[in-house]
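Protein chains in written order, with numbering that gives the first Met the number 0: chain U, 0 to 139; chain V, 0 to 139.
Just so you know, even glycine gets a beta-carbon here, dropped at the ideal spot from N, CA and C.
Scroll down for the structure; my scribbles are underneath it.
There are 2 protein chains.
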Amino acid sequence: MSIQRTYTTVIERLRDAGLRPTRQRKELGKLLFDGPDRHVTAEALHSEAAASGIRVSLATVYNTLNQFTDAGLLREIVVDGDRAYFDTNVSNHHHFYHVDSGALQDIDGTNVVVSNLPEAPHGATVERIDVVVRVSGARQ
Amino acid sequence: MSIQRTYTTVIERLRDAGLRPTRQRKELGKLLFDGPDRHVTAEALHSEAAASGIRVSLATVYNTLNQFTDAGLLREIVVDGDRAYFDTNVSNHHHFYHVDSGALQDIDGTNVVVSNLPEAPHGATVERIDVVVRVSGARQ
DNA sequence: TGACTTTTTAGAATCGTTCTAAAAAGTGTT
DNA sequence: AACACTTTTTAGAACGATTCTAAAAAGTCA
Numbered sequence: 000m001s002i003q004r005t006y007t008t009v010i011e012r013l014r015d016a017g018l019r020p021t022r023q024r025k026e027l028g029k030l031l032f033d034g035p036d037r038h039v040t041a042e043a044l045h046s047e048a049a050a051s052g053i054r055v056s057l058a059t060v061y062n063t064l065n066q067f068t069d070a071g072l073l074r075e076i077v078v079d080g081d082r083a084y085f086d087t088n089v090s091n092h093h094h095f096y097h098v099d100s101g102a103l104q105d106i107d108g109t110n111v112v113v114s115n116l117p118e119a120p121h122g123a124t125v126e127r128i129d130v131v132v133r134v135s136g137a138r139q
Numbered sequence: 000m001s002i003q004r005t006y007t008t009v010i011e012r013l014r015d016a017g018l019r020p021t022r023q024r025k026e027l028g029k030l031l032f033d034g035p036d037r038h039v040t041a042e043a044l045h046s047e048a049a050a051s052g053i054r055v056s057l058a059t060v061y062n063t064l065n066q067f068t069d070a071g072l073l074r075e076i077v078v079d080g081d082r083a084y085f086d087t088n089v090s091n092h093h094h095f096y097h098v099d100s101g102a103l104q105d106i107d108g109t110n111v112v113v114s115n116l117p118e119a120p121h122g123a124t125v126e127r128i129d130v131v132v133r134v135s136g137a138r139q
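In structure tokens, the structure reads:
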């Protein structure tokens, strides 16, 4: 029952995004969107899927993460050149980045204000302002 | 004369950083630190060196950029998972990032304030706060 | 079900970056 | 200047995250 309901929700999300609800997209979507917000890498999601008994190739995990991002279901975070992080929280927010562990932690963006920024270069449109607070020395 | 003076400056910088003033480090240092602040990638600096008649391998360019960064002579900027950018401006500042062209532009950091950030996670030390304003649609 | 389009997949390819281990260069001492 | 010693440079291999390829599988719709 609850599985059915959840699945329906994911299917709707996919349909709204113009993505066919394939088995892989539904199952990965369920992992990603069922439960609290999270940050994943492609490898981590692939391992998690495998551990949950979901059969999906790494290429499909990459494709799916990119498609979800293009559709606005995920947001890509750049904090480290080594790997791409995807965030299920697509609302206005920023991040703590633990440089030692690679862990990310959300900072709610509703109260954060970046003031005294100069105007955007002539002709340019601001797409997004990312604030990354790099911290070290704490676990998680 | 002026060349000699410049070289001396680079040599001092290298010595202060605990780096032996090898031919490659002096020449790359001259390209990087002579003149206004700039943003480079390893490939771009390697090409520029070649164009200036400087014989240096790509591996050495990478090594040198990393050593300069560790020594505080450069700062690494993460805006894009595809390549690493190095900034000769190591003072407090932020960036406009032109997503179309990959170009970076400095934003002086003396007036920029990020307010209402939550406290750093318990036990963590803030290393740095990076603000990246992603813009599109303008050339430059 | 059939006809058609999209998606998935394994494995190859790509590309920025790092590693390796051997040659070259820098340093301090005689 | 030559020596002994350490560090650096180098070409090319290796690496790792990500994308590409083109063939098989699955989804869609009449």
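Identity of the residues DSSP links to residue i by a beta bridge
| i | result |
| --- | --- |
| residue 107 of chain V | V/92 |
| residue 38 of chain V | V/86 |
| residue 135 of chain U | V/124 |
| residue 74 of chain V | V/86 |
| residue 97 of chain U | U/134 |
Neighbour-count burial assignment, residue i, 16 or more Cβ in a 10 Å radius
| i | result |
| --- | --- |
| residue 48 of chain U | buried |
| residue 3 of chain V | Summary for residue 3 of chain V: the model assigns pLDDT 42, below 50, so the residue's position carries little reliability, and this model does not support an answer. |
| residue 11 of chain V | exposed |
| residue 42 of chain V | exposed |
| residue 26 of chain V | buried |
| residue 122 of chain V | exposed |
| residue 9 of chain V | buried |
| residue 124 of chain V | exposed |
| residue 28 of chain V | buried |
Reduced DSSP secondary structure (H/G/I, E/B, other) of residue i
| i | result |
| --- | --- |
| residue 68 of chain U | helix |
| residue 79 of chain U | coil |
| residue 130 of chain V | strand |
| residue 140 of chain V | Residue 140 of chain V is absent from the structure shown; chain V starts at 0 and stops at 139. |
| residue 19 of chain V | coil |
| residue 26 of chain V | helix |
| residue 54 of chain U | coil |
| residue 12 of chain V | helix |
| residue 48 of chain U | helix |
| residue 191 of chain V | Nothing about residue 191 of chain V can be reported from this structure: the residues present for chain V run from 0 to 139 only. |
Contact list for residue i against chain V, beta-carbon separation under 7 Å
| i | result |
| --- | --- |
| residue 136 of chain U | 122, 123, 124 |
Under 8 Å from the C-beta of residue i: neighbouring residues of chain U
| i | result |
| --- | --- |
| residue 95 of chain V | 119, 120, 123 |
| residue 71 of chain V | What residue 71 of chain V touches in chain U: nothing, since even the nearest Cβ is about 15 Å away. |
| residue 39 of chain V | In chain order: nothing, as chain U lies at least about 15 Å away. |
Chain-ordered chain U contacts of residue i [CB-CB under 7 Å]
| i | result |
| --- | --- |
| residue 127 of chain V | 133 |
| residue 80 of chain V | 77, 80, 83 |
| residue 98 of chain V | 126 |
Cross-chain neighbours of residue i in chain V, by beta carbon under 8 Å
| i | result |
| --- | --- |
| residue 104 of chain U | 120 |
| residue 115 of chain U | 110, 111, 112 |
Within 8 Å, strictly: CB atoms of residue i and residue j
| i | j | result |
| --- | --- | --- |
| residue 31 of chain V | residue 111 of chain U | no |
| residue 60 of chain V | residue 93 of chain V | no |
| residue 38 of chain U | residue 107 of chain U | no |
| residue 79 of chain U | residue 55 of chain V | no |
| residue 133 of chain U | residue 105 of chain V | no |
| residue 99 of chain V | residue 135 of chain V | yes |
| residue 24 of chain V | residue 13 of chain V | yes |
| residue 120 of chain V | residue 137 of chain U | yes |
| residue 83 of chain U | residue 40 of chain U | yes |
| residue 70 of chain U | residue 18 of chain U | yes |
| residue 91 of chain U | residue 109 of chain U | yes |
Heavy atom of the ligand GTP within 7 Å of residue i beta-carbon
| i | result |
| --- | --- |
| residue 21 of chain V | Within the structure as shown, the ligand GTP is missing, as the structure has no ligands at all. |
Listed by chain order, chain V residues near residue i by CB distance under 9 Å
| i | result |
| --- | --- |
| residue 60 of chain U | Here the premise fails: no neighbours, minimum Cβ distance about 16 Å. |
Proximal chain U residues relative to residue i, where beta-carbon distance stays under 9 Å
| i | result |
| --- | --- |
| residue 89 of chain V | Correct list: empty, because the minimum Cβ distance to chain U is about 15 Å. |
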